[in-house]
Amino acid sequence: MEWVAGKKENMKRTLLEIGVILGGVFAITTLILVVAGAPPMQAFYHLIAGSIGSWLKVAQVLMGWIPLCLCACGLVYSFRIGLWNIGVEGQVVAGAVAATFVLRLGVEAGSPGVMLVLAFFGGLLGGSLWAIIAGFLKIKGGVNEIFGGLGMNFVAQGITLWLIFGPWKRPGVASMSGTELFPTNLWLPSIASLRLSPTGLGLTIAVLLVTAWVLSRTRLGLALKGIGNNPRAAYLHGLKPNRYIIIAMGLAGGCAGLAGTFQVTGVYHRLIPAISSNYGYLALLVVMLANYRIGIAPAIAFFFVCLNVGGIQLPMMLQLDSSLSGIIQGICVLTALLVYSWRRKRTITEE
Amino acid sequence: MSEIDLAVLLGSVVAGAAPIVLASVGETITEKSGVINLSLDGSILLSAMVAFVISYETQNLLLGFAGGAAVGGLIAAIVGIFSIYLGQSQVAVGFVLTLTAKDLAYFFGNPYARLYGPQAAPWPVPWLHKIPFLGELFFSHSVMIYVSIFMIFFWWWYLQRTPLGLRIRAVGEHPQAAYARGTNSRLAQLRYTVMGGLLVGLAGATFSLCIKPGWGRPQGAEGTGWIALAIVIFGGWHPVRVAFGAYLFSFLQVMGIQFQGLWPSVPSQVFQVAPFPLMIFTLVLMYAAQQGSSDAVSKAPSWLRRLAQVLSGTAPASLGKPFRPE
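Chain order of the listed sequences is A and B. Add 59 to the 1-based position in the first sequence for this note's numbering, that's all there is to it. Add 930 to the 1-based position in the second sequence for this note's numbering, that's all there is to it.
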């Protein structure tokens, strides 16, 4: 019975924490809006109405939720083993480049369905490869994954720009608007009235379920967790941390690569310089806010994309910069970090 | 190319490097004390915005620079307090602040975009600027460029030649030992994190008031923070070598614009990427050099070994690891 009471107590605590976080975020955001001389309530209204005000908007949110969730899934693998995979952004880009490479072959090859499937495999491999390079730099070259990943992000960005302006430029003009659009039969099919891709949605839900299963129910998940918590002890138990670092990075990069492929095939239908839409970096915030667990990450991702999509309304309606969404997301994470450290302090004193 | 042109060209390298020098020397101080401030990219933008807005509203450049520095110091203080006293991951806090500060800058700077505001005019150093070539190169800029050059040597002297500098390095290498010897390691870390942040803020102000005057989206300072972080590693956490890295980068950037004509198909942004593979390469070399006796090193070609010697350097041992006095 004590256990049940404890669980109830925990539940109460969690709800209280969520309340504190949301209250804090609301208060700080209101303050920022007042300082900027904007009507706070109207701004909140436009954020909400602009993101879940109609089915079309919800579909738009889901189209952003797909890549964000995929990145978050990947990050949970790398965080589980204790790696700060800041290179996720570059892994999205690498996936997008690989997918574009496959689809460019597909323009002549025919059988679009097969080419789309191949594009997803290509993206998966591209993202994986990019992450595994960072992994090898860490275990063989002594390069911290943060600096290695960051460097690889910029390299991926440089390669993308070079491709768009060089070998893959549009006939005649090369411009920041990206490569030429793919023929429509190479677009990921979508529900026309909503511009929503059921394939992407299905894929994301599948990846979410597999991730949750792998991490909680398999030997691999246990190994990642063991190494993340105590690499030395895991090593003494016969696990090889280096091997699992490569596996975790490969999985993380693979998920990010899928996100990049989706951006190419489902959203932009071409390669553009900003193909990642910063979903990699945003996913880092999502996973931090979810306290490095997959459980509530999809919900947080949905909330974050709502802010992004709703934020588009702000310049038109209130002459505010759309970056308000990013500010709210950042404050969410900072407040949560404060609350988590407060929780930790309390548990330490209770013990 | 005539001699005057060359001097002007190299002079623009020195001027363009100023904010990068300030930011990377600032980050060097912070990292020497054992703290990584990953918020550089956002800090620079936010302080650039604040510096421009303050000097636009008050028509006072000095207040602008002070405001910019204060913003950098404030963000660094948040990183410091969250990580040193609240035990949160430095990387996590710094990363969130990078993104948030950038968004704050765009949000609050929006009404001030594309306005014409005050900017620091060049102030040639009396007499010295008349020296042929060198005068054009070093002594015909605005004051912040001189400040950036001064900071390099000041912080080299401070870190390597004073007892206080020795104490920071001790804290960065082994905070427990420094604590046992009577240094308040956490306070020292916080102090030098903020100190580094002030310089980062000054770097931002230098952008919006000297190098790329004004505010806009994009401002032009985007990405500098990440580059500065890479340069700190490239320079092996040594102020003078770090500054050399900053000048090298600025040189590459200027050359990139000069040589645009040779490869018209390569956009100049590609040159921005150059520091990052260099950073990774440096880190690998440093690691290999530390493994010293291994066969791979002795078999390496001699030029590579010599390069490893030049680039040798080690990260402060407790970099990124929070210290809790027990």
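Virtual Cβ for every residue (Gly too), placed ideally from N, Cα, C. The model shown is predicted, which means the values in this text are computed figures rather than measured ones.
Check, Outcome
"Start and end residues, alpha helix (DSSP H) containing Gln-119/A", "114-139"
"9 Å Cβ cutoff met for Gln-150/A and Gly-297/A", "no"
"Ser-1223/B - DSSP class collapsed to helix/strand/coil", "Per-residue confidence for Ser-1223/B stands at a pLDDT of 48, beneath the threshold of 50, marking its modelled position as unreliable; the derived number appears in the next sentence. Here Ser-1223/B sits in coil by DSSP."
"Identity of the residue in Met-211/A, Gly-369/A, Trp-246/A and Leu-344/A nearest Arg-163/A by Cα", "Trp-246/A"
"Sub-9 Å separation of Leu-317/A and Leu-262/A beta-carbons", "yes"
"For Ile-250/A: DSSP bridge partner residues", "Leu-255/A"
"Completely contained alpha helix (DSSP H) runs for the segment 154-185 of chain A, where each covers 4 or more residues", "none"
"Segment limits, alpha helix (DSSP H) that includes Asn-301/A", "300-321"
"Three-state secondary structure assigned by DSSP to Thr-1244/B", "coil"
"Contact with chain A by Leu-1213/B, beta-carbon distance below 9 Å", "yes"
"Residue interval of the alpha helix (DSSP H) (run including Ser-110/A)", "99-111"
"Endpoints, alpha helix (DSSP H) assigned at Gln-1183/B", "1169-1188"
"With 16 other Cβ atoms within 10 Å as the buried cut-off, status of Trp-124/A", "buried"
"Own chain partners of Ala-395/A with C-beta closer than 7 Å, once the 5 adjacent residues on each side are dropped", "Ile-80 and Leu-348"
"is_contact[Phe-213/A, chain B] using C-beta, thresh 9 Å", "yes"
"Own chain partners of Val-1124/B with C-beta closer than 6 Å, once the 5 adjacent residues on each side are dropped", "Gly-1003, Ala-1006 and Ala-1007"
"Assumed close pair Arg-1097/B, Ala-1118/B - CB separation to whole angstroms, cut-off 8 Å", "7 Å"
"Reference Glu-961/B, options Gln-1020/B, Leu-940/B and Val-983/B, closest by Cα", "Gln-1020/B"
"8 Å contact criterion, which Gly-1126/B and Ile-966/B should meet: CB distance rounded", "The pair is not a contact, with the Cβ atoms about 10 Å apart (cut-off 8 Å)."
"Chain-ordered residues of the segment 1005-1039 of chain B with a beta carbon less than 7 Å from chain A", "Phe-1012, Leu-1016, Gly-1017, Gln-1018, Val-1021, Ala-1022, Val-1023, Phe-1025, Val-1026, Leu-1029, Thr-1030, Asp-1033, Leu-1034, Tyr-1036, Phe-1037 and Phe-1038"
"Ile-355/A in three-state terms, based on DSSP", "coil"
"Status (buried if at least 16 other CB within 10 Å, exposed otherwise) for Ala-1135/B", "buried"
"For Met-931/B, three-class secondary structure by DSSP", "Because the pLDDT at Met-931/B is just 49, under 50, the model does not fix this residue reliably, and the value given afterwards should be weighed accordingly. Met-931/B falls in the coil class under three-state DSSP."
"Residues, ordered as in the chain, of the segment 323-350 of chain A that lie near chain B by beta-carbon distance below 7 Å", "Tyr-340, Leu-343, Leu-344 and Met-347"
"Ala-193/A to Ile-77/A span [Cα, whole Å]", "35 Å"
"CA-to-CA distance, Ser-1078/B to Ile-305/A, given in whole angstroms", "42 Å"
"Environment of Arg-1171/B [buried if 16+ CB atoms lie within 10 Å]", "buried"
"Cβ of Arg-402/A within 9 Å of any chain B Cβ", "no"
"Met-60/A, DSSP secondary structure in three states", "Confidence at Met-60/A is low in this model, with a pLDDT of 44, below 50, so the placement of that residue should be treated as unreliable; the coordinate-derived value is given next. Met-60/A falls in the coil class under three-state DSSP."
"DSSP state of Val-232/A mapped onto helix, strand, coil", "coil"
"Chain-ordered neighbours of Gln-101/A on chain B, where CB pairs are closer than 8 Å", "What Gln-101/A touches in chain B: nothing, since even the nearest Cβ is about 16 Å away."
"For Ile-1157/B, the three-state DSSP class (helix, strand or coil)", "helix"
"Glu-1152/B in three-state terms, based on DSSP", "coil"
"Top-ranked residue by Cα proximity to Pro-357/A, from Leu-92/A, Val-93/A, Leu-121/A and Leu-106/A", "Leu-121/A"
"Trp-272/A classed as buried or exposed, judged by whether at least 16 other C-beta atoms fall within 10 angstroms", "exposed"
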